[in-house]
Amino acid sequence: MTDRHFKKLLFTTLTSILFVGTETAFSQVDPSTNIIAVDVSTMPENSAFNYDSTSAIGKELGMTQTGLYFNWTTLEPAPLQYDFTFLQIANIYYPATGIAIDLTITPIHTNVLEVPTDLIALPLDHSSVISRFNTLLDSIQINLTQLQLSSLVIGSEMDVYLGNDTVKWQQFSNFFVAVATHAKMLWPTMPVACEATFSGLTSGTASVYMQQINQSCDYIGVSYYGIDGNFQIKPFNVLQNDFNLITSAYQFKPICFYQYGFPSSAACGSTSGLQEQFIYQTFDLWDTHASQIRMIDFTWMHDLDTAAVNYFLNYYGVNDPGFAGFLGSIGMREWNGNGIDKPALTALRCEAKARGFNQLPLLCTSSITDVSASGNEILLTPVPCINNLNVTVPNTFIKGRLVILNIHGQPVYHQSEINQENFMINTNELPAGKYIIRISYQQKNVEKSFIRL
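Numbering (the working numbering), first residue to last: 1079 to 1531.
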């Protein structure tokens, strides 16, 4: 160990002792405990750029899981007549890739009931419905002898269909508990989840029943898109509130975002630049909640073409320009030709690289832009930094105390009092990695993360 490293270790140890118990612990997204998944099911215009090509993009940035999604009626298109073509292909294809699969099978697809025709008139907790779904699970288990399943998800955004109908909610809850119990008999070690929308998990009637349902789940399944009820993008400060809300509501089980994305369409009030910033903001917040949020599945790789958008508009029965813009622009690559990378994909690659998920030869110079209108933000340049970090603090925090925390929540640098709005910190002594800079004054805190290369 060099003298410099010894001094650095001593400084870190001493400051950790001095500040122990005074700061909130900070963790970082890590490949050993967290998972980056990508929905690679959408392809570009050129058919030669196929699933293999799309999957390769995901794998090179650090994807280790992806999802396969089936409506119940896709696997059982007619009563007791099964079509496992795609499952059988998956059983052969994925083991060779090393990619694990989150398998979703849903009797309700957002706002559409997807049960076999002879069961439609029955309540979901009818013994015939439960028995048939369990038979479907039995058949799937027989056909998936090689596939590595990372989780089984039963239900997808069904809170949209169930609404505020407490009778239907109780029926679905009874159904889920019964079939989840059966699934755990078939796959004793595989986690089971039920994916609901963020809104359904955190507000209204749905949240009450989802708390009940999630008692039978191993993972908390979330569908999250940074949009409001009118398909307009949310301000990024709302994103922070949303992360705080879901992690507060579910503190004791791993959270998995099985759907997670952000549109770039002007019809949603967005741009490709804002979609890019969404990725940077996401990792900044994920770092804070890394111990609770196990996985994020970024949805999806390519934008949909007009025909696919029109299909889903018809399927969901929603004819709204904002929804059309949303469906057609949440991809991280454009649809034309072989597909064209959008800034969001570059951001995902860079943020994944900064946390050890890949070693791509990237020049990553972009990071979080101050998009808050509150004027209560720390501004940092350049980000990432190497030797020096320029800091601008709100004037209301002058005279405050500044501390820099490493990924373990340990203070590695501090100033007892800030005397000006603009100043520079020498970061030469900081090892490469992710840090939080926090300023405290009169029982108020403001903080921001940065990366030192």
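Glycine residues also receive a C-beta, built at the ideal position from the N, C-alpha and C atoms. Predicted, not measured: the structure shown is a model, and the values here were computed from it.
Please tell me whether E1429 and D1381 are closer than 8 Å, where the distance is taken between their beta carbons.
In the sequence shown, counting from the first residue as 1, residue 1429 sits at position 351. In the sequence shown, counting from the first residue as 1, residue 1381 sits at position 303. By the CB criterion at 8 Å, E1429 and D1381 fall outside the cutoff.
Cross-strand partners of Q1488 (DSSP beta bridge)
Numbered from 1 along the sequence shown, position 410 holds the residue referred to as residue 1488. Q1488 is bridged by DSSP to nothing; it lacks a bridge partner.
Comparing C-alpha positions only, which one of P1201, G1403, Q1248 and G1241 sits nearest to C1346?
Start at 1 with the first residue of the sequence shown, and residue 1346 comes out as number 268. Each of P1201, G1403, Q1248 and G1241 was checked against the Cα of C1346, and the nearest Cα belongs to G1403.
Considering only DSSP beta bridges, list what I1408 is partnered with.
In the sequence shown, the residue the question calls residue 1408 occupies position 330. According to DSSP, which records beta bridges pairwise, I1408 is partnered with nothing at all.
Assess contact between the segment 1373-1380 and the segment 1317-1336, defined as three or more Cβ pairs (one per stretch) separated by less than 8 Å. Is contact present?
Contact holds: three or more Cβ-Cβ distances are below 8 Å.
Measuring CB to CB, does V1107 end up less than 8 Å from D1419?
The count along the sequence shown starts at 1 and reaches residue 1107 at position 29. The count along the sequence shown starts at 1 and reaches residue 1419 at position 341. No; because the gap between Cβ atoms is not below 8 Å, this pair is not in contact.
Please report the distance separating the alpha-carbon of L1227 from that of N1221.
Here residue 1227 is taken as the residue at index 149 of the sequence shown, counted from 1. Here residue 1221 is taken as the residue at index 143 of the sequence shown, counted from 1. Near 13 Å, if we compare the C-alpha coordinates of N1221 and L1227.
Distance, N1506 Cα to L1214 Cα
On the sequence shown, position 136 is the one that residue 1214 refers to. On the sequence shown, position 428 is the one that residue 1506 refers to. One C-alpha to the other measures close to 60 Å.
How many whole angstroms separate the CB atoms of N1308 and G1400, which I take to be in contact at a CB cut-off of 8 Å?
Along the sequence shown, one-based indexing puts residue 1308 at 230. Along the sequence shown, one-based indexing puts residue 1400 at 322. Right, their Cβ atoms sit about 6 Å apart.
Which residues mark the beginning and the end of the alpha helix (DSSP H) in which M1288 is found?
In the sequence shown, residue 1288 corresponds to position 210, counting from 1. First-last of the alpha helix (DSSP H) with M1288: G1282 to I1291.
Within the continuous alpha helix (DSSP H) that includes F1376, where are the two ends?
Translated into positions along the sequence shown, residue 1376 becomes position 298. From DSSP, F1376 is part of no alpha helix (DSSP H) but of the beta strand (DSSP E) over I1371 to F1376.
Taking the beta strand (DSSP E) that M1502 belongs to, which residues open and close that run?
Your numbering for residue 1502 matches position 424 in the sequence shown. Where M1502 is concerned, the enclosing beta strand (DSSP E) starts and stops at N1500 to N1504.
Let me make sure I understand the geometry here. Which of Q1318, I1408 and G1415 has the alpha-carbon closest to that of P1421?
As a working mapping, residue 1421 is identified with position 343 in the sequence shown. Put simply, of Q1318, I1408 and G1415 the residue whose alpha carbon is nearest the alpha carbon of P1421 is I1408.
Cβ-Cβ distance between G1478 and I1503 below 8 Å
By one-based count along the sequence shown, residue 1478 stands at place 400. By one-based count along the sequence shown, residue 1503 stands at place 425. Cβ distance not < 8 Å, so G1478 and I1503 don't count as in contact.
Would you mind working out which of N1189, H1367 and E1192 sits nearest D1320, comparing C-alpha positions?
To locate residue 1320, count along the sequence shown from 1; it is residue 242. Ranking the options by Cα distance to D1320, first place goes to H1367.
Cα-Cα separation between I1177 and Q1143, rounded to whole angstroms:
As a first step, residue 1177 must be located in the sequence shown, where it is residue number 99. As a first step, residue 1143 must be located in the sequence shown, where it is residue number 65. Taken atom to atom, the span from the alpha-carbon of I1177 to that of Q1143 is near 5 Å.
Cα-Cα separation between K1246 and Q1293, rounded to whole angstroms
Position 168 of the sequence shown, counted from the first residue, corresponds to residue 1246. Position 215 of the sequence shown, counted from the first residue, corresponds to residue 1293. Distance between the alpha carbons of K1246 and Q1293: 18 Å.
Nearest-angstrom beta carbon gap, D1117 and W1378 [assumed within contact, 8 Å]:
Translated into the one-based positions of the sequence shown, residue 1378 becomes position 300. Translated into the one-based positions of the sequence shown, residue 1117 becomes position 39. Indeed they touch by this definition, with Cβ atoms about 4 Å apart.
Report all residues from its chain with a CB closer than 6 Å to the CB of T1151; omit the five preceding and five following residues, and keep chain order.
Translated into positions along the sequence shown, residue 1151 becomes position 73. Closer than 6 Å at Cβ, skipping near neighbours: E1192.
How far does the alpha helix (DSSP H) with I1135 in it reach, from first residue to last?
Along the sequence shown, one-based indexing puts residue 1135 at 57. Per DSSP, I1135 belongs to the alpha helix (DSSP H) from Y1129 to L1139.
With a Cβ-Cβ cutoff of 8 Å, do Y1338 and S1229 count as a contact?
As a working mapping, residue 1338 is identified with position 260 in the sequence shown. As a working mapping, residue 1229 is identified with position 151 in the sequence shown. Their beta carbons are not under 8 Å apart, which means Y1338 does not touch S1229 by this criterion.
Assigned secondary structure, S1294 (DSSP; H/G/I helix, E/B strand, else coil)
Along the sequence shown, read from residue 1 onward, the residue named residue 1294 stands at position 216. Of the three classes helix, strand and coil, the one that applies to S1294 here is helix, per DSSP.
Please confirm if the segment 1202-1210 is in contact with the segment 1247-1264, defined as three or more CB-CB distances below 8 Å between the two stretches.
With the rule of 3 Cβ pairs closer than 8 Å, the segment 1202-1210 counts as touching the segment 1247-1264.
Among E1273, A1168, L1158 and T1474, whose alpha-carbon lies nearest the alpha-carbon of D1216?
Along the sequence shown, read from residue 1 onward, the residue named residue 1216 stands at position 138. Closest by alpha carbon: L1158.
Starting from I1529, trace the alpha helix (DSSP H) both ways and give me its first and last residue.
As a position in the sequence shown, residue 1529 is number 451, starting the count at 1. In the DSSP annotation of this structure, I1529 is not part of any alpha helix (DSSP H); the continuous beta strand (DSSP E) holding it starts and ends at K1522 to R1530.
Relative to the alpha-carbon of M1121, which residue among E1235, N1416 and S1209 has its alpha-carbon at the smallest distance?
In the sequence shown, counting from the first residue as 1, residue 1121 sits at position 43. The residue with the shortest Cα to Cα distance from M1121 is N1416.
Supposed contact pair A1284 and D1243 - C-beta distance, whole angstroms, cut 8 Å:
Residue 1243 sits at position 165 when you count from the first residue of the sequence shown. Residue 1284 sits at position 206 when you count from the first residue of the sequence shown. The beta carbons of D1243 and A1284 sit about 10 Å from each other, so the pair does not count as a contact at 8 Å.
Would you kindly work out how many angstroms separate the C-alpha atoms of F1528 and L1480, rounded to a whole number?
Taking the sequence shown and counting its residues from 1, one reaches residue 1528 at position 450. Taking the sequence shown and counting its residues from 1, one reaches residue 1480 at position 402. Taking C-alpha positions only, F1528 is separated from L1480 by approximately 14 Å.
Identified DSSP bridge partners for C1334:
Within the sequence shown, residue 1334 is the residue found at index 256, counting from 1. DSSP, once it has assigned bridges, lists G1299 and M1373 as partnering C1334.
Only counting the same chain, and skipping five residues up and downstream in sequence, which positions put a Cβ closer than 6 Å to that of S1301?
The residue labelled residue 1301 in the question sits at position 223 within the sequence shown. For S1301, same chain residues with a beta-carbon under 6 Å away, outside a window of 5 residues either side, are E1235, E1273, T1275 and Q1337 in chain order.
On the CB-based measure, 16 or more other CB atoms within 10 Å of its CB, does T1102 come out buried or exposed?
Sequence index remark: in the sequence shown, residue 1102 carries index 24 (1-based). Because the pLDDT of T1102 is 41, which lies under 50, any placement of that residue in the model is unreliable, and the number read from its coordinates should be weighed accordingly. Around the Cβ of T1102, a 10 Å sphere holds fewer than 16 other Cβ atoms; the residue is exposed.
For G1511, the nearest candidate out of T1195, D1306 and K1431 (CA to CA)
Taking the sequence shown and counting its residues from 1, one reaches residue 1511 at position 433. The candidate whose alpha carbon is nearest that of G1511 is K1431.
The alpha helix (DSSP H) spanning S1251 covers which residue range?
Position 173 of the sequence shown holds residue 1251. For S1251, the enclosing alpha helix (DSSP H) has its first and last residue at T1244 to L1264.
P1421 - DSSP class collapsed to helix/strand/coil
Here residue 1421 corresponds to residue number 343 of the sequence shown, with the count starting at 1. Residue state for P1421 is assigned as helix, using DSSP reduced to three classes.
N1212 versus L1139: straight-line alpha-carbon distance, rounded
Against the sequence shown, residue 1212 aligns to sequence position 134. Against the sequence shown, residue 1139 aligns to sequence position 61. Going by the C-alpha atoms only, they are around 37 Å apart.
Could you check the C-alpha separation between G1406 and P1185 for me, to the nearest Å?
On the sequence shown, residue 1406 is found 328 positions in, with the first residue counted as 1. On the sequence shown, residue 1185 is found 107 positions in, with the first residue counted as 1. Spanning the two alpha carbons is a distance of roughly 25 Å.
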